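Heads up: the protein sequence lines correspond to chains U and B, in order. Start counting the first sequence at 5; every next residue gets the next number (my numbering). Start counting the second sequence at 10; every next residue gets the next number (my numbering).
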Amino acid sequence: MKGRQQYTKKLIIWIPVLLAILLFTMIFSVSIGSADINMMTVWLVICSKIPLIGEGIEQTWKDTTETIIWNIRMPRIVLGILVGAALALAGAIYQGVLRNPLADPFILGVSSGSALGAALVLLFGFESILFGQLTLPVVAFSSGLLTLFIVYTLARINRRLQMETLILAGVVVQAFIASMLSLILALSDEKMQTIMYWMMGSLALTDWSYNRVVLPFVLLSILFVAFLTRELNILALGEEAAYYSGVSVQKVRVVLLIVASLLTGVAVSVSGTIGFVGLIVPHMIRLIFGADYRLILPLSVIGGAIFLVGADTIARTILEPRELPIGIITAFLGAPFFGYLLRKKKSDYF
Amino acid sequence: MKQALKVLGLVLFMTMVSIGLIGCASDDESKQDENPAQEQSQEQGSGQDSSEVAFPVTITDDSGEEVVIEEEPERIVSVIPSATEIIFGLGLGDKVVGVTDNDNYPEEVKEIESVGGLELNIEKIISLEPDLVVADVNNGDSISKLREQGIKVLVLGAQTLEQTYEDILTAGKATGTTDKAEEVVASMKEDVESVKKVVQDIPEDERKTVWIEIGEELFTAGSGTFLNELVQTAGGVNVMSDQEGWPQVSEEEVIQSNPDVIFLTYASYVENAVQKVKNRDSWKDVTAIQEGQVYPLNSDITERPGPRITQGLTKIAEYLYPEKFNQE
């Protein structure tokens with residue numbers, strides 16, 4: 005009973021704090037960019053989009069300015085929030101279910117599968133009539149899930165799922181897919197750059213349509229996982245403990261893994277494989293707030309969003325007007341910070 | 010005693026190192042001294058009797074290496090499409106025995122044996138027994154590998170129009186076709202002049218601004234690239250000319266620069282490339298989109314430093330100022 009009080013108290017304090025940081029990051033991010041637009045205009049444009057208040061604001065800016073703020077910067081920031089939240093949540097779930105600190109959203113091969121699907125679409129350049137410009141995300145998502153299914157089938161022996169076997173199967177399938185990706189790259193000539201770019205991951209060149217597809221997935225997954233935090237806590241203690249506390253180990257595991265993989269698949273399908281977020285954010289949260297999954301999950305969601313929006317802001321402004329691949333920033337900032345936290349926390353961890 | 014020995018050893022070592030360094034330095038100097046003299050003598054040679062080049066010729070190529078060609082090459086392998094076009098342009102097509110998978114001009118190259126794509130097949134090249142391989146600086150290690158096998162490699166590496174002329178003349182000298190090379194260069198210069206004549210009167214503020222798109226991820230061509238030079242020569246203003254090389258830039262920057270004309274270099278291998286750019290939602294206020302000024306550029310004639318590069322220039326100029334070119 006006492007434990008419950010403690011974590012709700014922590015959540016009541018920290019969720020608003022992190023949300024405030026996220027809001028601040030967003031405000032900062034939308035205000036800067038390579039195009040020369042002053043703060044005041046940025047905010048007038050955004051306010052003009054809010055129903056009721058917006059009607060009173062007269063347009064004193066150029067159409068281009070509005071396009072830049074509302075159709076380029078905003079969708080990118082929102083996508084950063086969704087992808088960051090999805091990857092961090094997926095990473096936290098994988099780490100808990102697999103009981104492995106090295107687990108990240110890409111460990112079961114979902115991202116490799118998505119990358120392969122995407123590379124094939126890019127190589128042959130087909131766009132189906134059904135999905136139009138969403139062809140790439142749809143194919144990437146489906147091939148990611150297909151990969152998960154293969155990994156899962158490989159790892160299931162005698163109707164039982166061993167976590168170690170699952171990780172091993174993931175590694176093997178990933179290696180196989182990596183070889184096919186290399187083959188595609190070797191044969192792709194002029195399209196190599198496009199494929200490489202996709203594999204490195206980026207939030208650039210997005211628009212609202214991507215957000216509309218991703219948002220429901222991410223929201224539903226977060227809600228769903230919110231009901232399973234207690235089970236994840238018990239799972240993380242070990243199989244035996246979980247068994248004795250009456251948790252249906254196999255079922256909960258499989259359900260959680262599928263949700264995490266869905267999240268990964270959705271994130272990867274719209275932004276490519278952005279590394280490090282899913283690995284480092286849950287660890288950061290754990291180091292700062294403790295090993296309780298009832299805390300780690302919700303705080304990772306917000307933490308992931310802050311981290312990715314922040315990293316993307318740096319990626320697109322530090323060498324403006326150049327764009328840097330976001331993966332460089334996530335690892336360059338994330339790794340030292342993580343090292344610092346690790347050194348500070350001298351006690352046993354994970 | 011031990012200490013003294015150590016010190017002595019150290020001193021000896023240092024002396025040897027410094028002697029070695031000085032030796033190297035003086036070597037460099039002597040080489041530098043040699044080069045200009047060499048070039049001078051070459052120029053004199055070509056000036057005296059350009060119709061019949063007396064082999065052997067010595068050429069300092071773009072890799073900085075001195076290439077001595079003993080006699081007129083009869084079997085030529087070209088490992089870069091631009092070089093292939095130069096060799097064919099010099100009328101030596103029937104001597105070419107090997108090209109790459111990337112070659113597509115002129116038509117005949119498709120029947121010539123391939124020596125690989127981006128990665129060259131060294132074995133294949135050697136088996137063709139060429140007496141001259143024409144390569145590009147970008148071929149990198151393959152060049153030294155071939156040279157180790159005793160094969161003559163002439164390395165070209167033009168980055169500007171001016172250097173392209175030089176490369177063509179160099180290739181002419183190496184193959185005993187100096188006359189033809191000069192003819193080719195003269196006709197190229199003529200192309201450039203006729204473009205310049207048309208666009209030179211356009212006042213600074215009426216020059217069209219241009220966004221060059223190399224890849225859908227908004228990679229572009231900045232200063233120091235052929236495309237930048239061609240656009241400038243054609244009287245356009247590259248909106249990203251303050252960037253160097255081939256940067257990837259942010260979407261908002263492109264939109265804010267509001268180009269009058271958009272060139273796409275990848276339209277040959279991406280379906281509906283022009284239409285896709287025109288359909289970009291957030292680009293709808295850009296002048297080029299509103300006026301429908303989005304054009305595919307054939308990168309074969311705008312990026313290959315060969316004889317056709319001035320055709321690319323003319324094409325770009327026509328796209329930029331159609332009214333001025335149609336009048337004539």
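Virtual Cβ for every residue (Gly too), placed ideally from N, Cα, C. These figures come from a predicted structure and were not determined experimentally.
Query, Result
"Whose Cβ in chain B lies nearer than 8 Å to the Cβ of U:LYS195?", "TYR278"
"Could you give the first and the last residue of the continuous beta strand (DSSP E) run that contains B:PRO305?", "303 to 305"
"Touching or not, the stretch 290 to 301 of chain U and the stretch 315 to 324 of chain U, by the rule of three or more beta carbon pairs under 8 Å?", "no"
"Would B:ALA34 be called buried (16 or more neighbouring beta carbons within 10 Å of its own) or exposed?", "Since pLDDT at B:ALA34 reaches only 45, below the 50 mark, its modelled position is unreliable, and no value is offered."
"Check whether the Cβ of B:ASP294 lies closer than 8 Å to any Cβ atom in chain U.", "yes"
"Take U:LEU149 and list the residues in its own chain whose beta-carbon comes closer than 8 Å to its own, dropping the five residues that flank it on each side.", "VAL114, GLY117, SER265, LEU266 and GLY269"
"Runs of 4 residues minimum, wholly inside the stretch 238 to 321 of chain B: which ones carry the alpha helix (DSSP H) assignment?", "260 to 266, 282 to 287, 296 to 299 and 308 to 311"
"Which chain B residues sit within Cβ distance under 7 Å of U:ARG216?", "None at all; the shortest Cβ gap to chain B is about 13 Å."
"Using 8 Å for Cβ pairs, my map puts B:VAL208 next to B:ALA326. What's the rounded Cβ distance?", "6 Å"
"Please confirm whether B:GLY224 has its beta-carbon closer than 8 Å to some beta-carbon of chain U.", "yes"
"Suppose contacts are defined by Cβ-Cβ distances below 8 Å. Is B:GLY107 in contact with B:VAL124 by that definition?", "yes"
"Assign U:ILE161 to one of three DSSP states: helix, strand, or coil.", "strand"
"Leaving out five residues on either side along the sequence, give the residues of the same chain with a beta carbon under 6 Å from the beta carbon of U:ALA24.", "none"
"Leaving out five residues before and five after U:ALA94 in sequence, what residues of the same chain have Cβ atoms less than 7 Å from its Cβ?", "PRO109, ALA264, LEU267, THR268 and GLY282"
"In whole angstroms, what is the alpha-carbon distance linking B:ASP70 and B:PRO256?", "29 Å"
"For B:ASP290, which residues in chain U fall below 9 Å Cβ to Cβ?", "THR71, ASN75, ASP211, TRP212 and SER213"
"Which chain B residues sit within Cβ distance under 7 Å of U:ARG347?", "The contacting residues do not exist; U:ARG347 stays about 36 Å from chain B at best."
"For the alpha helix (DSSP H) holding U:PHE84, just list the boundary residues, first then last.", "This sequence places Gly at residue 84 of chain U; Phe is not what is there. Looking at the DSSP string, the run of the alpha helix (DSSP H) that includes U:GLY84 is 78 to 102."
"What are the complete beta strand (DSSP E) segments, minimum 3 residues, inside the stretch 287 to 322 of chain U?", "none"
"Which bits of chain U does B:SER259 rub up against, with CB to CB less than 9 Å?", "GLY37, SER38, ALA39, ILE76, ALA208, ARG320, THR321, GLU324, PRO325, ARG326 and GLU327"
"U:GLY205 to U:GLU244, Cα distance in whole Å?", "39 Å"
"Quick check: the Cα distance between B:ALA46 and B:ASN335, rounded to an integer number of angstroms?", "The pLDDT assigned to B:ALA46 is 41, lower than 50, so where the model puts this residue is not dependable; a value taken from the coordinates is nonetheless given after this. Their Cα atoms are separated by approximately 49 Å."
"Out of U:SER183, U:ILE306 and U:GLY242, point me to the one whose CA is closest to U:ILE226's CA.", "U:ILE306"
"Closer than 9 Å, Cβ to Cβ, to anything on chain B: give me those residues from the stretch 47 to 72 of chain U, in chain order.", "LYS66, ASP67, THR68, THR69, GLU70, THR71 and ILE72"
"Check whether chain U comes within 8 Å of B:ILE310, counting only Cβ atoms and requiring the distance to be less than that.", "no"
"So, using beta-carbon positions, are B:SER259 and U:GLU168 closer together than 8 Å?", "no"
"Are the C-beta of U:TYR156 and some C-beta of chain B separated by less than 8 Å?", "no"
"Which same chain residues end up closer than 6 Å to B:MET197 when comparing Cβ atoms and leaving out the 5 residues on each side of it in sequence?", "THR319"
"Could you check how far apart the C-beta atoms of U:ALA230 and U:ALA89 are, in whole angstroms? I think they sit under 8 Å.", "Incorrect: roughly 13 Å between the Cβ atoms, too far for contact."
"Answer with yes or no whether the minimum CB distance from U:GLY205 to chain B is below 8 Å.", "no"
"Would U:ARG77 and U:VAL34 qualify as a contact pair, given that the criterion is a beta-carbon distance under 8 Å?", "yes"
"When the Cα atoms are used, what is the spatial distance from B:ARG317 to U:SER275?", "40 Å"
"List the endpoints of the continuous alpha helix (DSSP H) containing U:TRP74.", "It is not in any alpha helix (DSSP H) - U:TRP74 carries neither H nor E in the DSSP assignment."
"Kindly indicate which residue of U:ASN42, U:ILE97, U:ILE17 and U:PRO325 has the alpha-carbon position closest to the one of U:GLU70.", "U:ASN42"
"If the criterion is Cβ atoms closer than 8 Å, does the pair B:GLY315 and B:SER91 meet it?", "yes"
"Going straight from the alpha carbon of B:PRO305 to that of B:SER291, what length do you get?", "20 Å"
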